[in-house]
Amino acid sequence: MNYIEGIIKLLEEEYKVFERILNLSNEKTKYIVENNLSGLINVSSQERKESEIIDKLESERQEILNALSKEKNIAITNLNDLVCIATPDEWQRINDLRVKLGEIIFKLKKANDLNASLVSSALEYIDFMTNIISSHFSDNTTYQKDGQTGAQKKNLFDVKL
Numbered sequence: 002m003n004y005i006e007g008i009i010k011l012l013e014e015e016y017k018v019f020e021r022i023l024n025l026s027n028e029k030t031k032y033i034v035e036n037n038l039s040g041l042i043n044v045s046s047q048e049r050k051e052s053e054i055i056d057k058l059e060s061e062r063q064e065i066l067n068a069l070s071k072e073k074n075i076a077i078t079n080l081n082d083l084v085c086i087a088t089p090d091e092w093q094r095i096n097d098l099r100v101k102l103g104e105i106i107f108k109l110k111k112a113n114d115l116n117a118s119l120v121s122s123a124l125e126y127i128d129f130m131t132n133i134i135s136s137h138f139s140d141n142t143t144y145q146k147d148g149q150t151g152a153q154k155k156n157l158f159d160v161k162l
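The sequence shown begins at 2 in our numbering and counts up by one.
Structure (structure tokens):
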């Protein structure tokens, strides 16, 4: 297998891994909405494993680009530099995969933004409820009608500072 075919195979594998990560992100959204912490932890662990695979594939791709660069004695730092080396068919396949990868990464970013927003909303709600509960148990009256200080009740929760 030549270098270009190796790069194409790696890009195809990266796309498959990104598809799995996107599915996991959508599953994570479901777990966030359901407040299912164990499911969320499990999905996050799976996402981390898939991310490690992406890192490995990226490293392999860079190794191939470096080897190709040495063989052809030209600087090849990214996929755009392959246009002068690849056949038109190979370049079309590479370009199609780049477009597909860009689309799935965009979808993944949207899913991650949604998940971050949901988590942020949940944290704001928890903070709001903590403040309401803690204010219910505090007595802000320092003085009573007769001029004597009243006993203050202790808060069960710390108020956000």
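Even glycine gets a Cβ: it sits at the ideal position worked out from N, Cα and C. Treat the numbers as computed from the prediction; the structure is a model and nothing was measured.
Excluding residues up to 5 positions away in sequence, F19, I22, L23, S26 lie with their Cβ nearer than 7 Å to the Cβ of L109 in the same chain. Contact between I5 and A87 holds: their C-beta atoms lie close to 5 Å from each other, under 8 Å. Contact annotation: I9 and E72 have beta-carbon atoms that are not nearer than 8 Å. In the DSSP assignment, T78 falls outside any alpha helix (DSSP H), carrying neither H nor E. Counted as a single uninterrupted DSSP element, the alpha helix (DSSP H) harbouring N43 occupies residues 38 to 73. For I9, the enclosing alpha helix (DSSP H) covers residues 4 to 35.
Your pair L11 and R62 checks out as a contact, with CB atoms roughly 5 Å apart and the cut at 8 Å. Exposure of A117 is indicated by the presence of fewer than 16 other C-beta atoms within 10 angstroms of its C-beta.
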